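What follows is a single structure, written as structure tokens, with notes after it.
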Amino acid sequence: MHTGMRRGPAVYQRDLNPELTVMGRVLTSAPPQVFEPELLAYARHRESRRGFVSRVTAALTERPGGYVFLDRWIGMDRLLQAAHPDPAAPAAPAGPRRLAASLHAQAELLVTVGQMTVHGGPADAAQLLFVRAVVSGEPERFELDFGSLVGECVPEEGFGGSTLLRSIADPYVYAGLLWWRDAAAEERVRASVGWRDRRARLAASARITEEPARPLDES
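Right, here's the structure in full:
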């Protein structure tokens, strides 16, 4: 996994069409059987917008009512157009907006630091792990240590891949995503001595939060 550090805003300014990721978090008291189909309908609507690349829509397995989505886009202009569509364009489905009374949402904008695909993408996985890090030491050191954590996963046959993202607003804030083709593979990796050692190394220079999740059923 490449984890090279890209310094400063000038790096992004050289690319007139950078790939950007919107990471959204949703917390709702609505029943899953009601909320999840509407969240997916809203996600599918975003796919029709120009500049859309890919998405992951997932439910947090250890936080009832918690959801996370990652939308990748090409170009800031197209992302802004998607967020503020032409009033004459067809309206989006009601989706989560209809549940506004029971919904809390937040979003942040990130750029890709590194990614690795071993077996399929996160949308096809059985188990996901979101990792959030607020770095107190050197970002370069954290990125290398995150790469070592991913390296510990690769020998496991069920490992799918990983992505590391960095916040545009704060270069010391990161979001990582790892995925597995089956839940048992994820459990074996996270229970291993190697994972615990590398996880401790990450925690020495960053405040780490781990959130297991499952992709929403698209059928």
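At the far end of the sequence shown sits residue 219, using the UniProt record's numbering, and the numbering has no gaps. Even glycine gets a Cβ: it sits at the ideal position worked out from N, Cα and C. Note that the coordinates shown come from a computational prediction; the quantities given were computed from them, not determined experimentally.
For residue 194, the enclosing alpha helix (DSSP H) begins and ends at 193-203. Under the 10 Å beta carbon count, residue 137 is surrounded by fewer than 16 other beta carbons and is classified as exposed. With fewer than 16 other Cβ atoms inside 10 Å of its own Cβ, residue 47 counts as exposed. In the three-state reduction of the DSSP assignment, residue 155 falls in the coil class.
In this structure, residue 142 lies away from residue 189, with their beta-carbon atoms at least 8 Å apart. Per DSSP, the unbroken beta strand (DSSP E) holding residue 56 starts and ends at 52-60. Secondary structure at residue 167: strand, using DSSP grouped into helix, strand and coil.
Taking 8 Å as the upper bound for CB-CB distance, residue 164 and residue 114 are in contact here, some 5 Å apart. Going by DSSP, residue 172 is part of no alpha helix (DSSP H) at all; its letter is neither H nor E. In this structure, the straight-line span from the alpha carbon of residue 18 to that of residue 32 is close to 35 Å. Of the candidates 105, 156 and 212, the residue whose Cα lies closest to the Cα of residue 28 is 105. In the three-state reduction of the DSSP assignment, residue 148 falls in the helix class, which pools H, G and I. Note that the region 139-154 does not touch the region 208-217; fewer than 3 beta-carbon pairs, one per stretch, sit closer than 8 Å.
DSSP lists 131 as the bridge partner or partners of residue 210.
In the structure shown, residue 123 adopts helical secondary structure according to DSSP, grouped into three states.
Our two residues, residue 74 and residue 202, have alpha carbons roughly 30 Å apart in a direct line. In the three-state DSSP reduction, residue 118 falls in the coil class, being neither helix nor strand. With 16 or more other CB atoms across the displayed protein chains lying within 10 angstroms of its CB, residue 166 is buried. Residue 162 has 116 and 178 as its beta-bridge partners, per DSSP.
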